[in-house]
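> In our numbering, the protein residues as written are 11 to 294.
Below is a structure I'd like to ask you about.
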Amino acid sequence: MSHKIVSKKQLSEDVFTAEIEATLVARARKPGQFAIISINNEYSERIPLTIADVDPQRGTICLIWQRVGKTTAELAQMRQGDEIANVTGPLGKPTHIENFGTVVCVGGGIGNAPLLPIAKALKGAGNTIISILGARNKELLILEDEFAKISDELIITTDDGSYGRKALVTEPLKEACMRDRKPDLVVAIGPAIMMKFCCEVTKQFNIPTQVSLNTIMVDATGMCGGCRVEYDGKPKFVCVDGPEFDGHKIDFDLMMKRLNAYKNQEKQAYEQYKKHKCKIGLDK
Ligand code: FAD
Ligand code: FES
Ligand code: MG
11 MSHKIVSKKQ LSEDVFTAEI EATLVARARK PGQFAIISIN NEYSERIPLT IADVDPQRGT
71 ICLIWQRVGK TTAELAQMRQ GDEIANVTGP LGKPTHIENF GTVVCVGGGI GNAPLLPIAK
131 ALKGAGNTII SILGARNKEL LILEDEFAKI SDELIITTDD GSYGRKALVT EPLKEACMRD
191 RKPDLVVAIG PAIMMKFCCE VTKQFNIPTQ VSLNTIMVDA TGMCGGCRVE YDGKPKFVCV
251 DGPEFDGHKI DFDLMMKRLN AYKNQEKQAY EQYKKHKCKI GLDK
């Protein structure tokens, strides 16, 4: 069964969002879960994307993705009315939601997309939400309005100072940890290096920190081992044991090494794709 793209929008230079028909996935999904999509057929690459939102009545899911390589570029080229061959999900364990008290939600780049449904659900459970959103520059910042709606306090940082505070997210995070009323939980989602340094900050203050890991995935059923990480010295599979983990127990250096394992092949595939489909950048 294929899945029609009901609507599609470009959010920033390389970030896109689409509402896609997937009735059963929309009805079953809980915050924190993801889907595996393959665009054309069984020979397409399978890529994991977080289900950023759902509309169970309309039977649609919302995906937000950053164009970083061949498959995300191919998806960015698709238009309203086009069909995606396969959407498998919901996958992964849902986020544990309860009233913890004060939760700091830290998002970096495209990490804001998987963070938003979690922050929404935490707000719905009665938590006070302090959101810290970071981007390299103003153009790359996404979902600011959506976070403003559900945050009791919103702090924006950019690396180049083009918007908000010129800082890395770890700076306001450290300040939040030093307040009289210490946060009860930190949720950090973004590039592995950002999550690593957020965890180093929160460890000093002994604040529980949840991260959502974006390892390479292939089957997403716990069989292939592609998404293996070291957690507390033991192997875990992000697709079935995660994607969320206690960040203080993750070996981020090993995770980053494994993320880079296929860099040459990915670069080659993207360059070949661009050569044959040189419409990138023309799509809105
Ligand atoms: P490539 O050039 O093939 O790869 C670029 C980089 O993406 C690689 O170096 C590697 O770090 C990563 N990557 C490559 N292949 C895979 C793969 N099969 N699985 C995972 N990572 C891969 N991205 C978003 O933009 N939005 C999301 O909501 C989102 N949610 C995710 C949720 C989970 C649980 C995981 C594991 C990843 C998520 N990602 C998300 C990352 C996304 O899957 C990758 O950016 C995408 O697969 C890259 O594919 P590509 O062919 O365009 O790029
Ligand atoms: Fe294959 Fe997780 S993706 S084991
Ligand atoms: Mg790829």
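Positions of the beta carbon are idealized from the N, C-alpha and C atoms, including for glycine.
Since we're looking at a predicted model, the values are computed, not measured.
Across which residues does DSSP place Asn96 in a beta bridge pair?
Ser48
> Put His13 into one of helix, strand or coil per three-state DSSP.
DSSP, read as helix, strand or coil, puts His13 in strand.
> Please report the residue range of the beta strand (DSSP E) in which Val239 lies.
It spans Arg238 to Tyr241 - the beta strand (DSSP E) in which Val239 sits, taken as one unbroken run.
> I want to check one thing, is the minimum distance from the CB of Asp229 to the heavy atoms of the ligand FES below 6 Å?
For the ligand FES, at least one heavy atom lies less than 6 Å from the Cβ of Asp229.
> Check whether the region 31–46 touches the region 169–182, taking contact to mean three or more Cβ pairs, one atom from each stretch, closer than 8 Å.
no
> For Ala95 and Thr70, which I take to be in contact (beta-carbon distance under 8 Å), what is that distance rounded to the nearest angstrom?
Actually they are not in contact, since the Cβ atoms of Ala95 and Thr70 sit about 17 Å apart, beyond 8 Å.
> Under DSSP, the alpha helix (DSSP H) around Leu34 begins and ends at which residues?
Thr33 to Ala38
> Any heavy atom of the ligand FAD closer than 6 Å to the Cβ of Gly99?
no
> Could you check if Leu132 is buried or exposed, using at least 16 other CB atoms within 10 Å of its CB as the buried criterion?
Flag for Leu132 reads buried.
> Alpha carbon to alpha carbon, how far is Gln76 from Gln67?
A straight line joining the alpha-carbon of Gln76 with that of Gln67 spans about 27 Å.
> I'd like to know if the region 102–122 and the region 249–259 are in contact, where contact means that at least 3 CB-CB pairs between them fall below 8 Å.
yes
> For Met378, count neighbouring C-beta atoms within 10 Å of its own C-beta (all shown protein chains included) and say buried if the count is 16 or more, exposed if not.
Nothing about residue 378 can be reported from this structure: the residues present for the chain run from 11 to 294 only.
> In three-state DSSP terms, what is Lys294?
Caution is warranted here: a pLDDT of 41 is assigned to Lys294, below 50, making its placement in the model unreliable, and the coordinate value is therefore given only provisionally. Lys294: coil per DSSP, three-state reduction.
> Give every residue of the same chain whose Cβ lies closer than 8 Å to the Cβ of Asp92, excluding the five residues on either side of it in the sequence, and list them in chain order.
Lys14 and Ile15
> With a 10 Å radius around its C-beta and 16 neighbouring C-beta atoms as the bar for buried, classify Thr231 as buried or exposed.
Around the C-beta of Thr231, fewer than 16 other C-beta atoms lie within 10 Å, and the residue is accordingly described as exposed.
> Would you check if the region 145–157 and the region 117–126 touch, i.e. whether three or more CB-CB distances between them fall below 8 Å?
yes
> By Cβ distance below 7 Å, which residues in the same chain neighbour Glu240 in space, the five residues on each side in sequence not counted?
Counting only Cβ-Cβ distances below 7 Å, and skipping sequence neighbours, we find Asp261 and Leu264.
> Could you compute how far the alpha carbon of Ala129 sits from the alpha carbon of Glu210?
Roughly 22 Å separates the two Cα atoms.
> Met11 to Val35, Cα distance in whole Å?
Straight-line Cα distance between these residues: approximately 13 Å.
> Would Gly10 pass as a contact of Tyr280 if the rule is Cβ separation under 7 Å?
In this structure the chain extends from 11 to 294, so residue 10 is not present and cannot be described.
> Regarding Gly252 and the ligand ATP, is the C-beta to nearest heavy atom distance less than 6 Å?
Although the ligand ATP was asked about, the structure shown includes only the ligand FAD, the ligand FES and the ligand MG as ligands.
> Mark Ala83 as exposed unless 16 or more other C-beta atoms lie within 10 angstroms of its C-beta, in which case mark it buried.
If you draw a 10 Å sphere on the C-beta of Ala83, you find 16 or more other C-beta atoms in it, and that means buried.
> Here's the rule I'm using: 16 or more other beta-carbon atoms within 10 Å means buried, otherwise exposed. How should Gln20 be labelled?
exposed
> Find the nearest neighbour of Thr167 within the set Val179, Leu150 and Ser54, judged by alpha-carbon distance.
Val179
> Please classify Phe157: does DSSP put it in a helix, a strand, or coil?
helix
> Measure from the alpha carbon of Asp24 to the alpha carbon of each residue in Arg146, Pro218 and Val197, then state which is nearest.
It is Arg146.
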